[in-house]
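Engineer:
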Amino acid sequence: MYDYRQAIDRVMRQEVETGQVAGAGYLLIQGGRERYFSACGYADRERRTPVRRDSIFRLFSMTKPVTAAAVMMLVERGELDLRDPVSRYLPCFRNQTVWNPGGEPLPVERDITIYDLLNMTSGIPYPENWEGCSPSGLLMDDLFRKLKKAQAEGQRLTTREWMERVAEVPLVFQPGERWMYGLSADVLGAVTEVVTGKRYGTFLREEIFAPLGMIDTGFYVPEDKQWRFAQNYIWNEEKKGLEVYEDCNLGEYYGRDVSFESGGAGLVSTMEDYSHFVRMLLGGGVYEGTRILGEKTVEFMGRDRLSPRQKTAFNWDSNLGCGYGCLMRILTDQGEAGTIGSPGEYGWDGWTGNYVTIDPADDMAMLYFIQRGGYSSSSALRRLRNITYGALERLGE
-17 MYDYRQAIDR VMRQEVETGQ VAGAGYLLIQ GGRERYFSAC GYADRERRTP VRRDSIFRLF
43 SMTKPVTAAA VMMLVERGEL DLRDPVSRYL PCFRNQTVWN PGGEPLPVER DITIYDLLNM
103 TSGIPYPENW EGCSPSGLLM DDLFRKLKKA QAEGQRLTTR EWMERVAEVP LVFQPGERWM
163 YGLSADVLGA VTEVVTGKRY GTFLREEIFA PLGMIDTGFY VPEDKQWRFA QNYIWNEEKK
223 GLEVYEDCNL GEYYGRDVSF ESGGAGLVST MEDYSHFVRM LLGGGVYEGT RILGEKTVEF
283 MGRDRLSPRQ KTAFNWDSNL GCGYGCLMRI LTDQGEAGTI GSPGEYGWDG WTGNYVTIDP
343 ADDMAMLYFI QRGGYSSSSA LRRLRNITYG ALERLGE
């Protein structure tokens, strides 16, 4: 008789046995409780440390949904307005310019707003250095090389100091013109610091992590937890295998003296911890009797906010059939996406392959955690999704 658990385990074992990943973890939640957890392989292959539910993973861009929740918390408290210009909180974002291929940078037609940042329509790029990338992306890449070098030499620039430098780079396009993945969530982290008067990590710990019992989530890994910190790997095409990856992409730094707390990519967490955050969203803002967000706020977070014009640039293969809002994809067209998921399903993934989907219609969430750079849209992930959706009616068996 078919058993979805065996099917899930088979897919993950194949990934480990063929050397695609060192280890993997899967967690399925439905009806407010855990339905299945499975793990195989190593969190740290060299130390032979197995993947566990309390293995500490680099979240990279799965930090973004947490940042969206933090910002919306301030919105529902009346401390932020979605239409507020970012320059109200960070004056360095006043009078920005937009890259002009024909000459001198152009002045912005309007300031970037909080809403722009939540929807990645700000025009602020990520560091880029590939053929055909934007000139602003190249400038941002040069800036980040300098900032990371300074960090490696012991300088500890704060989140706001990093964003002050980011504001100096011309935007790729006029605010609101289209969607583009970039540093918007990092700017939101700095805005949160200004509004709350606290370091970003402190605000998250007090308002989200502690109430949710997320004891292993934050911007650094304490010494006594280092043995649970999963190793990061990347594929070496010449050697046809994984190798340890220790480079710094976006200023991520997990020491106790971390000063730049990246709202877009800086958190570490466990599958157990992140499942608490996910269950809170599935619960309409409530986790085990503790309300973190209002129900209407959570509904707002799971809606597509891109106009047709903005959406033309939201064309990654992994996002076909999806819209975007509050730093997450939202499924809008099953056929275009090629998935049996329910419309309104939302979530995001990270550069190292971590993935979450949250489905209010089926009261379900799926988490898949690995640590392989640039492996965030794999065939294994798509198969796990299909197995999961195909098994929803069997979960109580």
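Each residue of the sequence shown is one higher than the one before, starting from -17 at the first, in this note's numbering. Glycine included, every Cβ here is placed at the ideal spot set by N, Cα and C.
If you reduce the DSSP assignment to three classes, tell me which class E113 lands in.
Structural biologist: The residue labelled residue 113 in the question sits at position 131 within the sequence shown. Here E113 sits in coil by DSSP.
Engineer: Secondary structure at R(-5), three-state DSSP: helix, strand or coil?
Structural biologist: Residue numbering aside, residue -5 sits at position 13 when the sequence shown is read from its first letter. The answer is helix: DSSP assigns R(-5) an H, G or I state.
Engineer: What are the start and end residues of each continuous alpha helix (DSSP H) run of 4 or more residues lying completely inside the stretch 314 to 364, in chain order?
Structural biologist: If we require 4 residues or more, the alpha helix (DSSP H) runs fully inside the stretch 314 to 364 come out as 316 to 319.
Engineer: Is the beta carbon of P47 sitting closer than 8 angstroms to the one on M310?
Structural biologist: Sequence index remark: in the sequence shown, residue 47 carries index 65 (1-based). Sequence index remark: in the sequence shown, residue 310 carries index 328 (1-based). Against a cut-off of 8 angstroms, the Cβ pair of M310 and P47 comes out as a contact.
Engineer: Mapping the DSSP letters down to three states, classify Q12 as helix, strand or coil.
Structural biologist: Taking the sequence shown and counting its residues from 1, the one referred to as residue 12 is at position 30. Three-state DSSP puts Q12 in a strand.
Engineer: So G105 and F155 are in contact, right, with Cβ under 8 angstroms, and what is the actual spacing, rounded?
Structural biologist: Position 123 of the sequence shown holds residue 105. Position 173 of the sequence shown holds residue 155. Yes, they are in contact, since the Cβ atoms of G105 and F155 sit about 5 angstroms apart, within 8 angstroms.
Engineer: Quick check: V68 and L99, are their CB atoms within less than 8 angstroms of each other?
Structural biologist: As a first step, residue 68 must be located in the sequence shown, where it is residue number 86. As a first step, residue 99 must be located in the sequence shown, where it is residue number 117. Cβ atoms of V68 and L99: closer than 8 angstroms.
Engineer: Select from Q(-4), G14, G7 the residue whose C-alpha is nearest the C-alpha of G271.
Structural biologist: If you number the sequence shown from 1, residue 271 lands on position 289. Here the closest residue by C-alpha is G14.
Engineer: According to DSSP, is D36 helix, strand or coil?
Structural biologist: To locate residue 36, count along the sequence shown from 1; it is residue 54. Here D36 sits in coil by DSSP.
Engineer: Should I312 go down as buried or exposed, given a rule of 16 or more other Cβ atoms within 10 Å for buried?
Structural biologist: For this step, residue 312 is matched to residue 330 along the sequence shown. It is buried - the Cβ of I312 has at least 16 other Cβ atoms within 10 Å.
Engineer: Of the residues K128, S361, G5, which one's Cα is nearest the Cα of R35?
Structural biologist: As a first step, residue 35 must be located in the sequence shown, where it is residue number 53. Nearest C-alpha to R35: G5.
Engineer: If I'm right that D341 touches S359 with Cβ under 8 angstroms, what's the distance once you round it to whole angstroms?
Structural biologist: Within the sequence shown, residue 341 is the residue found at index 359, counting from 1. Within the sequence shown, residue 359 is the residue found at index 377, counting from 1. Not really, about 18 angstroms apart at Cβ, beyond 8 angstroms.
Engineer: For the alpha helix (DSSP H) containing G183, list its first residue and its last residue.
Structural biologist: By one-based count along the sequence shown, residue 183 stands at place 201. Run containing G183: 182 to 186, per the alpha helix (DSSP H) assignment.
Engineer: Among the candidates L224, A247, A167, whose CA atom is the shortest distance from the CA of Y235?
Structural biologist: Stepping through the sequence shown from its first residue, residue 235 is reached at position 253. The shortest C-alpha separation from Y235 is found at A247.
Engineer: Put E225 into one of helix, strand or coil per three-state DSSP.
Structural biologist: Counting from one through the sequence shown, the residue named residue 225 turns up at place 243. If DSSP states are grouped into helix, strand and coil, E225 belongs with the strands.
Engineer: Secondary structure at D286, three-state DSSP: helix, strand or coil?
Structural biologist: Numbered from its first residue, the sequence shown carries residue 286 at position 304. It is coil, neither helix nor strand.
Engineer: According to DSSP, is S251 helix, strand or coil?
Structural biologist: In the sequence shown, residue 251 corresponds to position 269, counting from 1. S251: strand per DSSP, three-state reduction.
Engineer: Just the Cα atoms here: how many angstroms apart are D26 and A212?
Structural biologist: The sequence position of residue 26 within the sequence shown is 44, counting from 1. The sequence position of residue 212 within the sequence shown is 230, counting from 1. Each residue's Cα considered, the two are about 5 angstroms apart.
Engineer: When you compare each of E143, T252, L224, W209 to R354 by their alpha carbons, which one comes out closest?
Structural biologist: Position 372 of the sequence shown, counted from the first residue, corresponds to residue 354. When only C-alpha atoms are compared, the closest one is L224.
Engineer: What is the DSSP secondary structure of I216, reduced to helix, strand or coil?
Structural biologist: Looking up residue 216 in the sequence shown gives position 234. DSSP places I216 in strand when its eight states are reduced to three.
Engineer: With a Cβ-Cβ cutoff of 8 angstroms, do G179 and Y202 count as a contact?
Structural biologist: In the sequence shown, counting from the first residue as 1, residue 179 sits at position 197. In the sequence shown, counting from the first residue as 1, residue 202 sits at position 220. Against a cut-off of 8 angstroms, the Cβ pair of Y202 and G179 comes out as no contact.
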